[in-house]
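For reference, the structure is listed below as structure tokens.
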Amino acid sequence: MFKGRLKLDFKGDKVLWYIIIILMLASIMVVYSSTGQLAYREKGGNTSFYLIKQLILMLGCIGVIIGLQSVHYKYFLTFSKVVLGMSFIFLLWAKFAGTNLNDADRWIPLPLGLSFQPSELAKLGIIMYTARIIAFYQTDKGCSDEALKNVLLFTGPLIFLIFLDNFSTSFLLGLICMTMLFVGRLRLKLILISFASLIALVGVILVLAFTVPQFEKIGRVATIKGRVTNFFSGAKKERGDSSYQSDQAKIAVAKGGLMGVGPGNSEQRNFLPHPYSDFIFAIIIEEYGLLGGGLTLLLYLIILYRIGVIVKRCTRTFPALLVTGLGLSIVFQAFVNMGVCVGLFPVTGQPLPLVSMGGTSLLFTSAAFGMILSVSHTFQEDGEVVEEESEVEEVEESAAEEAIEHLNR
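In our numbering, the protein residues as written are 392 to 800.
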């Protein structure tokens with residue numbers, strides 16, 4: 392599975408590696424600056440606690456990326472079923488026996504006071520298995536219609552379980568899956584119908600939330616209703632907790648101006664409920680100004696561009712779709728986080744990838760980068776790495792035969 396000696400070796404797209412390192416350094420600086428209140432509240436004023444914790448997490452993230460970049464993408468194809476199945480089990484566990492954090496049963500308690508967010512694993516599982524399905528249903532004319540049915544059949548239940556506790560994540564995953572189907576050459580008519588159905592479903596949920604009081608008791612529907620109401624409410628007296636967070640983020644953005652107030656000089660970190668996670672982009676702008684915020688946005692745009700470069704080099708369907716899904720999950724999540732902080736979207740719980748504080752999100756984002764770099768390393772600028780190619784063909788052909796047999800039933 393691993394090639395060569397165990398050593399610190401940065402493989403794959405070098406530009407992507409530079410951006411990863413820059414984001415990690417930015418994370419350490421901004422998390423240390425924004426956790427002052429949390430340190431005094433939780434750790435008796437030990438402000439270095441979260442700095443050391445973030446440093447350890449970043450080292451762990453680098454280890455995850457370096458480990459996965461050396462794994463051939465054929466193993467991601469092989470184990471996609473396992474990851475999807477584990478995701479389903481953990482989501483059920485979290486739903487019925489999980490720890491309640493932020494009014495949502497999304498976490499599984501672990502030893503030593505740690506916790507695990509299964510929706511982050513589910514993101515990888517859904518994207519990996521969707522790429523597998525689309526790759527196996529490729530024909531000379533495009534993607535078979537059966538791919539859409541199987542994507543809905545196998546990933547739909549997981550997205551629904553995520554929806555019960557995290558609407559924004561489930562919506563983003565649905566959007567990413569449809570984009571992957573588009574890249575995989577599914578008929579445009581089916582994609583448009585699927586997209587319209589997704590939007591219609593969101594509309595029905597909102598209508599029921601505002602018209603049927605009993606509907607609010609389902610999952611996070613009441614929270615969705617409150618955040619949408621606060622987002623569109625013009626009078627402050629009608630606005631709630633989520634609008635308070637949004638207002639404080641906007642104040643941070645306004646205070647930042649062009650150049651910012653300087654590292655460690657943020658004032659809104661004392662008022663924002665989660666300045667080190669959901670609203671960390673607002674702290675970046677306050678301390679480093681619009682220049683710092685613009686640079687952060689540019690880094691994620693470059694990630695999107697490099698994803699396109701890697702996909703273009705791929706000569707096989709599965710790795711191209713895998714990189715597309717994983718890359719979009721990182722970039723879309725970043726755009727949502729930044730959009731919330733500047734008031735473009737209602738408040739959600741999306742962290743800024745590889746910047747916000749949080750163990751589960753950081754580690755699984757690192758896993759996504761590791762898989763992307765694995766594909767990038769395989770399909771290098773000077774052509775595909777041919778080692779183990781026969782094994783890859785054997786795995787893909789075997790799985791493709793399964794799909795063909797299913798089509799003929």
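The C-beta atom is built at its ideal place from N, Cα and C for all residues, glycine as well.
This structure is a prediction, so every number in the text was calculated from the model and none was measured.
Buried is the label assigned to Met762, since at least 16 other Cβ atoms lie within 10 Å of its Cβ. Counting only runs of 4 or more residues that sit fully inside the region 650 to 722, the alpha helix (DSSP H) segments are 671 to 704, in chain order. Collapsing the DSSP output to three states places Thr490 in a strand. Here Leu552 is near Lys486, since their CB atoms are less than 9 Å apart. Close CB contacts of Leu563 within its chain, under the 6 Å cut and outside five residues either way in sequence, are with Phe723 (chain order). A check of alpha carbon separations from Ile456 across Phe755, Thr769, Gln771 and Phe770 identifies Phe755 as the nearest. Rounded to whole angstroms, the gap between the alpha carbons of Phe440 and Ser425 is 13 Å. Taken through DSSP and simplified to helix, strand or coil, Gly533 comes out as strand. Close CB contacts of Met477 within its chain, under the 8 Å cut and outside five residues either way in sequence, are with Leu512 and Gly516 (chain order). Collapsing the DSSP output to three states places Gln771 in a strand. The DSSP-derived three-state label of Ser506 is strand. Per DSSP, reduced to three states, the secondary structure at Pro548 is helical. A Cβ-Cβ separation of about 11 Å leaves Glu678 out of contact with Gly648 under the 8 Å criterion. From the listed residues Ile410, Met729 and Ser657, the smallest Cα separation to Leu743 is found for Met729. For the options Ile596, Tyr528, Val598 and Leu544, the alpha carbon positioned closest to that of Leu577 is the one of Tyr528.
By the neighbour-count criterion, in which 16 or more other beta carbons inside 10 Å mark a residue as buried, Ser471 falls on the buried side. Excluding its 5 nearest sequence neighbours in each direction, Gly680 has C-beta neighbours in its own chain below 7 Å: Gly647, Gly648, Leu649, Met650 and Gly651, listed in chain order. Residue pairing by DSSP puts Pro500 in a beta bridge opposite Ser506. Measuring C-alpha to C-alpha distances from Leu583 to each of Leu539, Phe558, Tyr423 and Thr620 identifies Leu539 as the nearest. One Cα belongs to Thr706, the other to Asp536, and the distance between them is close to 23 Å.
Within its own chain, the residues whose Cβ lies closer than 6 Å to the Cβ of Leu713, once the five positions on either side in sequence are excluded, are Ala522, listed in chain order. At a Cβ-Cβ threshold of 9 Å, Ser747 and Asp669 count as neighbours. Across the structure, Glu658 and Phe481 are spaced so that their CA atoms are roughly 39 Å apart. A residue is called buried when at least 16 other Cβ atoms come within 10 angstroms of its Cβ; Tyr431 does not meet this threshold and is exposed. Under the rule that a run must span 3 or more residues, no beta strand (DSSP E) segment is found entirely inside the region 569 to 605. The shortest CA-to-CA distance from Val422 to any of Thr438, Phe586 and Lys532 is the one to Thr438. Each residue's CA atom was taken as its position, placing Phe586 and Gly740 some 23 Å apart. One thing to note: His768 has its Cβ within 9 Å of the Cβ of Lys402.
In the structure shown, the three-state DSSP call for Leu735 is coil. A distance below 6 Å between beta-carbons, with the five flanking residues on each side excluded, links Leu442 to the following residues of its chain, in chain order: Tyr423. Just so you know, the alpha carbons of Ile701 and Thr715 end up roughly 9 Å apart.
Excluding residues up to 5 positions away in sequence, Pro737 lie with their Cβ nearer than 6 Å to the Cβ of Val619 in the same chain.
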